[in-house]
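Novice: If you're matching positions, the sequence shown starts at 3 in this note's numbering and goes up one per residue.
We put the CB at the ideal spot given by N, CA and C, even for glycine.
Okay, here's the structure, questions in a sec.
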Amino acid sequence: DTGVGMTKSELQNNLGRIAQSGTKKFMEALGEGKADVNLIGQFGVGFYSAYLVADKVEVVTKSMQADSPQYKWTSDASSSYTISEDNSDPIEGSGTR
3 DTGVGMTKSE LQNNLGRIAQ SGTKKFMEAL GEGKADVNLI GQFGVGFYSA YLVADKVEVV
63 TKSMQADSPQ YKWTSDASSS YTISEDNSDP IEGSGTR
């Protein structure tokens, strides 16, 4: 199940907020052994863990809302991210990968 997907606004409010809230600081604390690993499993911290194995994270999503375009959210663990319309490998119906 790939879910119902997200609109651009939902990407900004959900993933964008996490990216701006301190991914880089969390990664630095983790590297120094100061991060509270008991938090892993909560969505935000679990999402941060993607940066443990990747330099860049991309999320491709298409909302279930009618005529919604497919978007790609990209971040490299800094406090910034980009959202762009994505035409690669279209998602059938709706969902996120």
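Quick check: the Cα distance between Q108 and S96, rounded to an integer number of angstroms?
Specialist: With the chain represented from 3 up to 99, any question about residue 108 goes unanswered, as that position is not in the structure.
Novice: Since I believe T63 is in contact with M8 (beta carbons under 8 Å), could you give me their beta-carbon distance rounded to a whole number of angstroms?
Specialist: Contact flag correct, Cβ pair sits at about 5 Å.
Novice: Looking only at its own chain, which residues have a Cβ that is under 8 Å from the Cβ of R99, when we skip the five neighbours before and after it?
Specialist: T4, V61, V62, T63 and I93
Novice: Per DSSP, V61 forms a beta bridge with which residues?
Specialist: According to DSSP, which records beta bridges pairwise, V61 is partnered with W75.
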